[in-house]
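One structure is given here, and the rest of the page talks about it.
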Amino acid sequence: MTELAQPHSRPPAVDKALSWPGMQALIASHGRALVLDCLRTALDAWRAGHITGEAELLYTVQRQIERLLTLSMRPVFNLTGTVLHTNLGRAPLPVEAIEAMTAVALGASNLEFDLETGQRGDRDDHVEAWICRLTGAEAATVVNNNAAAVLLVLNALAQRREVVVSRGELIEIGGSFRLPDIMARAGCKLREVGATNRTHAKDYIEAIGPRTALLLKAHTSNYRIEGFSTALSEAQLAEIAREHQVPLVVDLGAGSLIDLQALGLPAEPVVSRVLQQGVDVVTFSGDKLLGGPQAGIIAGRADLLARIRKSPLKRALRCDKMTLAALEAVLRLYADPDSLVQRVPTLRLLTRSQSDIQLTAEALSSCLQGWAGEAFAVDVCAVSSQIGSGSLPLEVLPSAALRLRSRNTNKRTRSRDLRTLAERLRQLPQPVVGRIADDSLLLDCRCLEDSEPLLAQWAANA
Ligand SMILES: *Cc1c(COP(=O)(O)O)cnc(C)c1O
């Protein structure tokens, strides 16, 4: 290449620049169209005085191509301490689910094709029997997520009619799922009963009339009303619903298929038990405690599920083949309770012992110190992880974290140091996401099962 041009010199002609060996090499790897596109942008920058020579032009084009070709969505290390982190994609999937997804993604599958009869099949067939077996429900269907499940159930069973809900359960999840809004979109009328902290049987009974379509109970998963409060149990509500011949629908949110308490975890409603209480239809997420792909599962009475399936909304909210393949594979793992916790990453991470997590953290400490530099003090401390996704915000899981603290004596400088460090962590090839608390940056190691890639990355980018 020729020597550097003077600032604000005339840029080369497009064709000339494209003929440079450096540009030719880029064209060979990425194609002419992309190089030309980036070159034009870079030439504009030259005219504006931001680029002053041929070497810089080539470098700019190269960088621009790299940026364009880097995938926007990519893996990160979730060291936030929140296992089911909605912003970080919630449940990590078991390998069995990944394999099932890959197999059907690569080509044709029997998604809606009955291999026995050679006739058209139903995409729910791949998962319905499993859901029924694991929950005791008569029938089940699956849609895009739990918000969609609630929308569909309300629309199919209660359009233009009233839905009775306790004022203590008019929930909002993650700022975008508000029960009253979903209800309006589903075309039903909200009939609020009781007070925020107390709702009694008579409140429900007085609200039930000819316009009542169903009773709805929402699991208040992301908050808890404590102290002077009363809410009816599923069994009590089921009795009222039965007496008045209206269905009872429960939005469980996370809904677990197994008893988490038996694993030493905080209690969450178990789907089969809720249905046993006489609840007619439940909805819950696939990517919360179940540990599967994003999905909304609807399970319950066969006659109600038949009405739900017939709704045109079901078609609009249905899952794709990869979701169904992953969900089927995850549900199958529940058939063997003995190997379940080891095979479903969500359950494995939630049940990881503090001592095990601490060992992981300790093994990383000196490498992290080398990467972060002497401006920071690194140690390992006890912290609390959270389940996340709205589950049990009050219950915590004992965990261990790498703690980084700035050595600066000025509090504001320390705070700035931590933010800069958090940014450096996010800029790594596989970004690391921790959390800032108490004048420190914490990297909770609960979700880090294989620390080799992280070690290698810190060592290489020190
Ligand atoms: C999480 C949650 C939802 C929304 O579920 P998504 O699968 O995120 O759509 C609805 N209701 C409750 C009670 C929840 O906890």
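Under our numbering, the first residue of the sequence shown is numbered 90, with each subsequent residue one higher. Idealized CB from N, CA, C, for every residue including glycine. Being a predicted model, the structure only gives us computed values, none of them experimental.
For Cys408, which of helix, strand or coil comes out of DSSP? Locating residue 408 in the sequence shown gives position 319, where the first residue counts as 1. Coil at Cys408, not helix or strand.
Where DSSP assigns a beta bridge to Val430, which residues make up the other side? Residue 430 sits at position 341 when you count from the first residue of the sequence shown. Its beta-bridge partners do not exist; DSSP assigns none.
Member of Asp527, Thr175, Val282 and Gln516 whose CA lies at the smallest distance from the CA of Val472: Your numbering for residue 472 matches position 383 in the sequence shown. For the residues Asp527, Thr175, Val282 and Gln516, the minimum Cα distance to Val472 belongs to Asp527.
Run through the DSSP bridge pairs and tell me what Leu436 is partnered with. The residue you call residue 436 lines up with position 347 of the sequence shown. According to DSSP, Leu436 bridges with nothing at all.
Which word fits Ile387, buried or exposed, when buried means at least 16 other C-beta atoms lie within 10 angstroms of its C-beta? For this step, residue 387 is matched to residue 298 along the sequence shown. With at least 16 other beta carbons inside 10 angstroms of its own, Ile387 counts as buried.
What residues in its chain sit with their C-beta under 8 Å from that of Gln113, if we drop five residues either side in the sequence? Residue mapping note: residue 113 aligns to position 24 of the sequence shown, counting from 1. Contacts found: Leu107.
Counting beta carbon pairs with one atom in the segment 380-398 and one in the segment 218-230, are three or more of them shorter than 8 Å? Short answer: they touch.
Can you tell me whether Pro164 is helix, strand or coil according to DSSP? The residue given as residue 164 occupies position 75 in the sequence shown. Coil at Pro164, not helix or strand.
DSSP three-state label for Gly257, please. One-based indexing of the sequence shown puts residue 257 at position 168. The DSSP-derived three-state label of Gly257 is helix.
So, are the CB atoms of Ile329 and Ala290 less than 8 Å apart? In the sequence shown, the residue the question calls residue 329 occupies position 240. In the sequence shown, the residue the question calls residue 290 occupies position 201. Yes, these two residues count as a Cβ contact at 8 Å.
Closest by C-alpha distance to Arg524, when choosing among Leu491, Gly196, Arg441 and Leu543: Your numbering for residue 524 matches position 435 in the sequence shown. Among Leu491, Gly196, Arg441 and Leu543, the Cα nearest to that of Arg524 belongs to Leu491.
Compare the C-alpha of Ala466 against each of Leu531, Ser442 and Arg163 and name the closest. Position 377 of the sequence shown, counted from the first residue, corresponds to residue 466. Out of Leu531, Ser442 and Arg163, the CA that lies nearest to the CA of Ala466 is found in Leu531.
Just to confirm the assignment, what range does the alpha helix (DSSP H) spanning Ile297 have? Position 208 of the sequence shown, counting from 1, holds the residue named residue 297. Where Ile297 is concerned, there is no enclosing alpha helix (DSSP H), because DSSP gives it neither an H nor an E.
If you run the structure through DSSP and keep just helix, strand and coil, what is Ser488? Mapped onto the sequence shown, residue 488 falls at position 399. In the three-state scheme derived from DSSP, where H, G and I count as helix and E and B as strand, Ser488 is classed as strand.
Own chain partners of Arg212 with C-beta closer than 8 Å, once the 5 adjacent residues on each side are dropped: Your numbering for residue 212 matches position 123 in the sequence shown. Taken in chain order, the residues that qualify are Leu200, Glu201, Arg407, Cys408, Lys410 and Leu413.
C-alpha distance - Thr498 paired with Ser504, whole-angstrom precision: The count along the sequence shown starts at 1 and reaches residue 498 at position 409. The count along the sequence shown starts at 1 and reaches residue 504 at position 415. Linking Thr498 to Ser504 through their CA atoms gives a straight-line distance of about 11 Å.
Short check: CB of Cys456 to CB of Leu544, under 8 Å? Reading the sequence shown from its first residue, position 367 is the one you call residue 456. Reading the sequence shown from its first residue, position 455 is the one you call residue 544. In this structure, Leu544 lies closer than 8 Å to Cys456 by Cβ.
Contact test: Val368 Cβ vs ligand 1 heavy atom, cutoff 7 Å: In the sequence shown, residue 368 corresponds to position 279, counting from 1. Val368 has its Cβ no nearer than 7 Å to any heavy atom of ligand 1.
Sheet register partners of Cys470 (DSSP bridge): Position 381 of the sequence shown, counted from the first residue, corresponds to residue 470. Answer is Ala490.
Could you tell me which whole beta strand (DSSP E) segments of length 3 or greater appear in the segment 342-387? 370-374, all fully within the segment 342-387.
By DSSP, does Gly477 sit in helix, in strand, or in coil? Sequence index remark: in the sequence shown, residue 477 carries index 388 (1-based). Gly477 sits in a strand when the DSSP states are folded into three classes.
Beta carbon of His174: closer than 7 Å to some heavy atom of ligand 1? If you number the sequence shown from 1, residue 174 lands on position 85. Result no, Cβ not under 7 Å from ligand 1.
Let me know if His308 comes out buried or exposed under the rule of 16 or more other beta-carbons within 10 Å of its beta-carbon. As a working mapping, residue 308 is identified with position 219 in the sequence shown. Note on His308: 16 or more other CB atoms within 10 angstroms of its CB, so buried under the neighbour-count rule.
Any heavy atom of ligand 1 closer than 7 Å to the CB of Ser478? Here residue 478 refers to the residue found at position 389 of the sequence shown. Checking the Cβ of Ser478 against ligand 1 gives yes.
Do Leu364 and Pro336 have their C-beta atoms closer together than 8 Å? On the sequence shown, residue 364 is found 275 positions in, with the first residue counted as 1. On the sequence shown, residue 336 is found 247 positions in, with the first residue counted as 1. The Cβ-Cβ distance between Leu364 and Pro336 does not fall below 8 Å.
Residue range of the alpha helix (DSSP H) that includes Leu304: Position 215 of the sequence shown, counted from the start, is the residue given in the question as residue 304. No alpha helix (DSSP H) contains Leu304, which is instead part of the beta strand (DSSP E) from Thr301 to Ala307.
Neighbourhood of Asn550 by C-beta distance below 8 Å, restricted to the same chain and skipping five residues each side: Numbered from 1 along the sequence shown, position 461 holds the residue referred to as residue 550. Excluding sequence positions up to five before and after Asn550, its CB lies within less than 8 Å of the CB of Trp460, Leu517 and Pro518, all in the same chain and listed in chain order.
Identify, in the order they occur along the chain, each residue of the same chain with its Cβ nearer than 8 Å to the Cβ of Ala131, setting aside the five sequence neighbours on each side. Taking the sequence shown and counting its residues from 1, the one referred to as residue 131 is at position 42. Excluding positions up to five away in sequence, the list reads Ile140, Leu146, Thr149, Val150 and Gln153.
List in chain order: all unbroken beta strand (DSSP E) runs of 3+ residues lying wholly within the segment 115-199. For the segment 115-199, whole beta strand (DSSP E) runs of length 3 or above, ordered along the chain, are 171-173.
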